[in-house]
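Novice: Encoded as C-alpha cells, here's the structure I'll be asking about.
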Amino acid sequence: MGPARPRVDPRLAAWLATLIALMAAGGGAWLYQQWNGLRVTNMRNTFMWGNYILFFMFFVGLSAGGLIVASSGRLFGATRFKPIVRVAVLEATVAITLAGTFIVPDLGRPERLLHIFLFANLTSPMVWDVTIVLLYLGLSATYVWLYTRADLAGRGSPLALGTGTSERALRRDDRLKGALAWVALPAAILLHSITAWIFGLQIGRTFWYTAVMAPMFIASALVSGLALVILLALAVRWAGRLRFDDGLVPYLGGLLAVFIASEAFLLFAELLTAAYPGAPAEGQAVTRLLAGPYLVPFLGETAFGLLLPFALLASARLRRYPAVVALAAGIAVVGIFVHRLNLLLNALSVPTIALPPGLSIGVGQAGSVGLPGAAFATSYWYLPSPVEWLVVGGVLALGAFLFTVAAWYLPLQEPDHH
Amino acid sequence: MADVSPVEALPPASRAYGELEPPTAAPRFGMAVDTERCLGCWTCAVICKSENDVPLGMWWNRVLTDGEALDTPRQAADGSLALSFVPLSCQHCDNAPCTKVCPVGATYHGEGGLVLMDQERCIGCRYCMIACPYGVRVFNWGRAERPAVGETGMVAARPVGTMEKCTMCLHRLHDAQVPSCVWSCPAGARIFGDLADPSSRVSTLVRERNGQRLLEERGTEPKVYYLEPRRRRSL
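In C-alpha cells:
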C-alpha cells in the first residue's frame, strides 16, 4: 500500500456499491436466461441477433480510442496526446473486455465457448474475431501495465512485478512502448475490420454486403473511441486523478471533427451506391432508411449523431470550451450507437424471402397466423426484453466498476520528464 | 443424445414407406418441387414436424404463398388473379453460406452432400442463421415444447440452445426411404433422388422441366430445384 493511494470517500463507495448491485442483477438475469433458454430474450428466428451483438459491436468500436492515442503518439509523433495516454489505454482495455463479455450471453451454449478453439473453422470470420479480440485485450492490458509500472514500482506496489525505476529500466520501457505501437496499430485496424467482416461478407444480407463495411467500421470506431476517451479524460480530471491543461481539449475536439467527417463521407458513399441503381434488393433497404419505419433512427444517426457534433466541433471558437467538446463527444458516442443499431435493424427485420406467412418465430405461441402472437412473421419489430436489459446493464456496470477501480488505484498522471 | 428414441429403435420394416431409387456410389441428394402440382396443403410441413419431433413454434419446412397473404392470390393490373406456392426448407446448398461461417464446424456437408448439424458441437451463436439467405434454419430458443408429452418423432430429441434444420430425413435415407415430406405429398409434388445420377427421376425432371433454384444470383448452388407450371395459372 503506497503513500500515493487515496482514501475511499463515501461518494465513491456508494457508486461502487450501486455498480455491484447492477452486476448482481445482471448476473442473476443471465442465470435465469441460462435456465430457461434464450426465449426469455425477444430475439427470435426472425431477428436472431439483438442487444448483445449490438453492444458487442459498439464496444469493439469504443475500444479503438486507447490504441489510437497511444500508438499514434509513438508512430506519428503526436506528442500532445501524452497527458491522457494512460486514461486512453485503460479505456481500451475495459472496452474490449466488455466487448468480449457481451458475446457470452448471446450464445445458446456458453459452456461450449472453447469449441471455438478446439474445432476452429478458419473460414468463419467469428473465429478470427474472437482471436483478435483476445489479442487486442492482451495488447491493451500490456500497454496499461507498461505505462504505469515504473510509478507502481516507485510506490512499492506488487503490480510492478519486480521491475525497477532505474534509468535503464525506464529506457527499456520506452523502447518497449515504441515496439508495442508497431503491433498495436495493425491490431486495432484488424480488430475493426474483422468485426466488420462478420457482417460485410454475408451475401445473404444485401444491406451488409459491401466493401465499405470495414472502412466504415474503422471510421465509426475512431469517432466513438476518441469521443469516449475525451469524456473519460475530462471525468478523471474532474475527479482530481489527472491534470492536463485546457489547450489539449480543442485539439482533441478538432481531431474528433475530422473522424466524424470521414464516417459521414463513407456512409454517404455507401447509401448513394446502394440507392442509385434503384434495384430492389439494396434499394429497398435504403428506402426503409430514408422514407420508411427507420427514418427516425436514421435521422438520429445522421442529423443528431454526425451533423450536430460536427457543427459544434468544426468551430474553432466553440471547441475552446471543454463543456462544448464534452457535449459533442457525448452526442457522437450516442450517434455511433444508433448507427450500429440501424445496421442490425435494417439488415434483419425483413427476411430475404419475405413471402407470407414468413419465418416461424421459433417458440410456441397462442393465436394463429395473422393474429397477434402469431407463430409466423414476415417482419418483426425487435425490442429487447427486460432480461436482455438487465444483462446489458450488468456488463456495463462491470465496465464502470473496472474503470473506476483502476482509475482510483493506478497512477494515471504521465510524468513530464520521460 | 447418444440414446435413440423408442420409435427409432424399431426395425426398418416397421416404418418403411416411400422407397428410395437406388443411389450411385457417391450420391448428391437433391429434390425437385413441382409447383404445378403443389396445392399448398402443408402436409409436408406437418409430417416434417412429427417425423423429426420438431417442437411448437418451430418449422423445418414451410409452404409459402406467392401471393398477397397466406393462401391469398395476387391480383395483376388487368384484374386477373395468380396464386402459387413455394414449399421451403433447407436448400442443401453446395456452396452453403452457413457451413462457411460456423465458427466450430457444427454445420457441415455430410453424406450425400447434405448440409447437416452436429448439435453436440453447436455453441448456439446463430451466425449460420445470419448467413442463410433462405431463412430455413431454426434455433432452439427454449426447452422444447410439444403438443403431447414425450417424443413423437423418429429421431432423438435435440438440446436447448442449439441450431436445427432439415436433414432430408437422413435416418430414412439410411433405410433406403425417401424423406417424409416426399412420400406424404398428396399431389406428388416432391421428387427426391440422386442428382449425381443423370438418369434418376429427379435429374431427368430438373433437366426436362428447366428446374430453377431460389436466389440463384447469390451463387449458393442449392440442391433443391423448383419446376415451373407448364400452363398459365390465371384464375
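Residue numbers (our numbering), protein chains in the order written: chain D, 760 to 1177; chain C, 863 to 1097.
Glycine included, every Cβ here is placed at the ideal spot set by N, Cα and C.
It should be emphasised that the depicted structure is a prediction, and the values quoted were computed from it without experimental measurement.
Taking Phe878(D) as the query, report the chain C residues whose CB atoms sit under 7 Å from its CB, ordered along the chain.
Specialist: Val966, Gly967 and Arg983
Novice: Which residues, in order along the stretch 804-831 of chain D, keep a beta-carbon less than 7 Å from a beta-carbon of chain B?
Specialist: Looking for chain B here will not work: the only protein chains present are D and C.
Novice: Rounded to whole angstroms, what's the CA-CA distance from Gly1123(D) to Met920(C)? Just pull it up for me.
Specialist: When rounded, the distance between both Cα atoms is 8 Å.
Novice: Could you tell me the alpha carbon to alpha carbon distance between Val767(D) and Trp774(D), rounded to whole angstroms?
Specialist: 11 Å
Novice: Quick check: the stretch 978-987 of chain C against the stretch 851-870 of chain D, are at least 3 beta-carbon pairs closer than 8 Å?
Specialist: yes
Novice: Could you give the distance in angstroms between the alpha-carbon of Gly702(D) and the alpha-carbon of Thr800(D)?
Specialist: Outside the shown range of chain D (760 to 1177) lies residue 702(D), about which nothing can therefore be said.
Novice: Would you give the residue range spanned by the alpha helix (DSSP H) that Met979(C) belongs to?
Specialist: First-last for Met979(C): Val977 to Met979, but that is the beta strand (DSSP E), not the alpha helix (DSSP H).
Novice: Would Ala1038(D) count as contacting chain C if we go by Cβ distances under 7 Å?
Specialist: no
Novice: For Leu1118(D), go through chain C and note every residue whose CB falls closer than 7 Å to its CB, in chain order.
Specialist: Gly997
Novice: Could you give the distance in angstroms between the alpha-carbon of Arg1092(C) and the alpha-carbon of Phe1018(D)?
Specialist: 58 Å
Novice: Starting from the Cα of Ala1050(D), find the closest Cα among Tyr968(D), Ala1034(D) and Val971(D) and give me that residue.
Specialist: Nearest C-alpha to Ala1050(D): Ala1034(D).
Novice: Closest by CA to Leu771(D), which one among Gly1094(D), Ser899(D), Pro1174(D) and Trp1167(D)?
Specialist: Trp1167(D)
Novice: From this set, Ile962(D), Leu873(D) and Arg833(D), which residue's C-alpha is nearest Tyr902(D)'s C-alpha?
Specialist: Arg833(D)
Novice: Let me make sure I understand the geometry here. Which of Val1064(C), Leu1057(C) and Asp915(C) has the alpha-carbon closest to that of Ala887(C)?
Specialist: Leu1057(C)
Novice: Compare the beta carbon distance of Phe818(D) and Ala854(D) with 7 Å and say whether it is the shorter of the two.
Specialist: Here Phe818(D) is near Ala854(D), since their CB atoms are less than 7 Å apart.
Novice: Using 8 Å for Cβ pairs, my map puts Trp922(C) next to Gly796(D). What's the rounded Cβ distance?
Specialist: Actually they do not touch by this definition, with Cβ atoms about 19 Å apart.
Novice: Return the chain-ordered list of same chain residues with a C-beta closer than 6 Å to the C-beta of Arg1078(D), the five sequence neighbours on each side being excluded.
Specialist: Pro1009, Gly1012, Leu1072 and Val1084
Novice: Tell me whether Thr890(D) sits in a helix, a strand or coil according to DSSP, three-state version.
Specialist: Thr890(D) falls in the helix class under three-state DSSP.
Novice: Among Gln792(D), Ala1075(D), Asp910(D) and Leu1103(D), which one has its Cα closest to the Cα of Ala919(D)?
Specialist: Residue Asp910(D) is the option with its Cα nearest to Ala919(D).
Novice: Between the beta-carbon of Asp896(C) and the beta-carbon of Leu1114(D), is there less than 7 Å?
Specialist: no
Novice: I'd like the list of long-range same chain contacts for Pro1081(D), defined as Cβ closer than 8 Å, with 5 residues on each side in sequence excluded.
Specialist: Excluding five sequence positions before and after Pro1081(D), the CB atoms of its chain that fall closer than 8 Å to its own CB belong to Leu993, Asp1005 and Val1008, given in chain order.
Novice: Taking contact to mean at least 3 C-beta pairs separated by less than 8 Å, is the stretch 1097-1108 of chain D in contact with the stretch 811-825 of chain D?
Specialist: Taking 8 Å as the limit for Cβ pairs, the verdict is that the stretch 811-825 of chain D does touch the stretch 1097-1108 of chain D.
Novice: Is it buried or exposed for His1176(D), if we count other Cβ within 10 angstroms and need 16 for buried?
Specialist: Low local confidence applies: a pLDDT of 46 at His1176(D) is under 50, so the model's placement there is unreliable, with the coordinate-based value given in what follows. Result: exposed.
Novice: Per DSSP, what are the beta-bridge partners of Gly892(C) in this structure?
Specialist: Gly1055(C)
Novice: Contact check, Leu1118(D) vs Asn804(D) under 8 Å by CB: the rounded distance?
Specialist: Indeed, because the Cβ distance is near 5 Å, the residues count as touching under 8 Å.
Novice: Does the beta carbon of Thr969(D) come closer than 7 Å to any beta carbon on chain C?
Specialist: No, because no Cβ of chain C sits closer than 7 Å to the Cβ of Thr969(D).
Novice: Return the chain-ordered list of same chain residues with a C-beta closer than 7 Å to the C-beta of Leu813(D), the five sequence neighbours on each side being excluded.
Specialist: Closer than 7 Å at the Cβ level, and outside the excluded window around Leu813(D), lie Arg1099, Leu1100 and Leu1103.
Novice: Are the CB atoms of Val1045(D) and Leu1030(D) within a distance shorter than 7 Å?
Specialist: yes
Novice: Can you tell me whether Ala1091(D) sits near the ligand PLP, meaning its C-beta is under 6 Å from at least one heavy atom of the ligand?
Specialist: This structure lacks the ligand PLP, and indeed carries no ligand of any kind.
Novice: Give me the Cα-Cα distance between Arg1005(C) and Ala1106(D), rounded to the nearest whole angstrom.
Specialist: 28 Å
Novice: Strictly below 8 Å CB to CB, what residues from chain C border Thr1111(D)?
Specialist: Pro995, Tyr996, Gly997 and Leu1077
Novice: Could you list which residues in chain D have their beta carbon closer than 7 Å to that of Glu1007(C), in chain order?
Specialist: Gly1123
Novice: For a contact defined as C-beta to C-beta under 7 Å, what are the partners of Gly919(C) on chain D?
Specialist: Ser1119, Ile1120, Gly1121, Val1122, Gly1123, Gln1124 and Ala1134
Novice: Show which residues of chain D have a CB atom less than 7 Å away from the CB atom of Val895(C).
Specialist: By Cβ distance, chain D contributes nothing, its closest Cβ being about 14 Å from Val895(C), past 7 Å.
Novice: Does Gln1074(C) come out as helix, strand or coil in the three-state DSSP assignment?
Specialist: strand
Novice: Under the rule that 16 or more other beta-carbon atoms within 10 Å means buried, what is His1036(C), buried or exposed?
Specialist: So His1036(C) counts as exposed.
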